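Residue numbers for the sequence shown follow the numbering used here, beginning at 2 and rising by one. Here a beta-carbon is modelled for each residue, glycine too, at the ideal position from N, C-alpha and C. Since we're looking at a predicted model, the values are computed, not measured. Here the structure comes first, spelled out in structure tokens, and everything after it is commentary.
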Amino acid sequence: MYSINKLKRNRKYWSDYYKNLLLLPNTPIWFKFQIVSASFRNFLPHIPYEQHELLFKKLLINQKNANMEQSAIDLLKEVPVLFWDEGKPDTFRDAPGIIVTFHTGSFRLIGHYLAANGIPFKLVVANDGMLREGNLANELYSQESLDTIGFDLIDANEKNCLIKICRTLREKTNVLIYMDGNTGAGNEYQNQNLITVPFLNQHINVRAGAAYAAFINKVPLYPVTASRRWRYVSKLEFRRPIIPNSPSDKKTFAESVMVSIYKDLENLVYERPWQWDGWLYLHHYAKVSVDESIHPQIDNDGKSAKKQVAFNKRDYGFFRVNEKHFLFRKADYKCFEVEQWLYTRLEQLYEGSYRFTVPMLNRNHMADLVKSRVVVQH
């Protein structure tokens, strides 16, 4: 458990650590940076590549702080909590429903807030996080406290997950769900609960089990976001409940809910991209429209043939996994295995450590780098 003073010391340490971290090819964190940069490129195209590294480091700092803050219950005393209109914590006891949120800011403070106010709830979490969340709850709360609020975990990957959620709601207990986990109800990638919604500059496939459960049980959906106002200062914001509309059908309601909820996330992410952990796994459920930059383009201007070329950092990346080498096309997240000698050339082009021209590349069996715009003249 972290005290506030220890938390502040560690915040400073990790902030300095990540700010000074060198993002170099073949370092352990390089692959992760390439994936996140690709999603920045596709979903936030107005942000130039030159800012990707800074945003990525801020993302790592936020993630580290959130991990530390999950064990600092006293932090709640410093966190402002905003409610819609006259909303207040008693609402969740009087009208239990599904509390939906995202992995933004210090997101685990939401569960701490519910526990601190004696609001009964169960947490839906993927099976790989069951042990971690269970251990955290046992570390921070007594068994008596957990029994009082009826806290328990529901495995998002179990086939009967939706049944357990419905049963919990009938027992007048709230359910807390992280919508951007994109697992649940028996692997929703394979069933009808998957819905495509617009998000920033592209579309994404999202799980809709929470909306279906709310519709079936006629309970409210309570959207809430955890965010940071500046630096480390957090806030929780409970938005107006979404009430199932009886005349509408289940699918129409679910689609409307998902669009609305992800619009809230979009507004937060657009202003401060580093607050959202989802960039680390967005590529798994992104549905991107490929732009023209991936189509081969050949420059036949002889006057520019001897100009130097540089690696096209905006549209391409590269990485090594298990001694295999890959060229990475960001526009559609596709990887192309390459030989080691070519991978070495890609590193040189990226770092600018060797002067290449178009004729040089052509002579050394690298003409495809020019045609596919892996390199660009400058």
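Review point. Helix, strand or coil: how does DSSP classify N206 here?
Key: strand
Practice item. Please report the Cβ distance between V260 and I178, rounded to the nearest whole angstrom; I am assuming they are in contact, meaning their Cβ atoms lie under 8 Å. Key: Actually they are not in contact, since the Cβ atoms of V260 and I178 sit about 17 Å apart, beyond 8 Å.
**Study point:** Closest Cα partner of E70 within the set Y233, D91, R346
**Key:** Proximity to E70 across Y233, D91, R346 peaks at Y233, based on C-alpha coordinates.
Review point. Who are P242's beta bridge partners in DSSP?
Key: Answer by DSSP bridge pairing: none, since P242 is not bridged.
Point to revise | Assigned secondary structure, S228 (DSSP; H/G/I helix, E/B strand, else coil) | key: strand
**Study point:** Under 8 Å between C-beta atoms of N218 and R171
**Key:** Contact flag set, yes.
Practice item. Quick one: measure Cβ to Cβ for W275 and H104, integer angstroms, because I've assumed they're closer than 8 Å. Key: Contact doesn't hold; Cβ gap of about 12 Å is too wide.
Point to revise | Cα-Cα separation, A73 to I111 | key: 13 Å
Check your understanding: DSSP state of W85, grouped into three classes?
Key -> coil
**Study point:** Under 8 Å between C-beta atoms of F200 and F254
**Key:** no
**Study point:** For C162: DSSP bridge partner residues
**Key:** Partner(s): none; C162 has no beta bridge.
Check your understanding: Near N246, which residues of its chain fall below 8 Å by C-beta distance, leaving aside the five closest residues on each side in sequence?
Key -> Setting aside the 5 residues that flank it on each side, N246 is surrounded in the same chain by F254, each with a C-beta closer than 8 Å to its C-beta; the list follows chain order.
Check your understanding: Hey, how far is the Cα of R42 from the Cα of E272?
Key -> 15 Å
Review point. Helix, strand or coil: how does DSSP classify W15 here?
Key: The DSSP-derived three-state label of W15 is helix.
Check your understanding: Between K264 and P81, what straight-line distance do the alpha-carbon atoms span, to the nearest angstrom?
Key -> 23 Å
Check your understanding: Does the separation of the CB atoms of S40 and G318 fall below 8 Å?
Key -> no
Check your understanding: So does the segment 343-361 actually touch the segment 83-91, counting three or more Cβ pairs closer than 8 Å?
Key -> no
Check your understanding: Does the distance from the CB of V225 to the CB of R240 come in under 8 Å?
Key -> yes
Point to revise | Residue interval of the alpha helix (DSSP H) (run including N323) | key: Taken as a continuous stretch (DSSP letters only), N323 belongs to no alpha helix (DSSP H), as it is neither H nor E.
Review point. Run through DSSP, which three-state label would I196 get?
Key: strand
Review point. Between F320 and F327, is the Cβ-Cβ spacing less than 8 Å?
Key: yes
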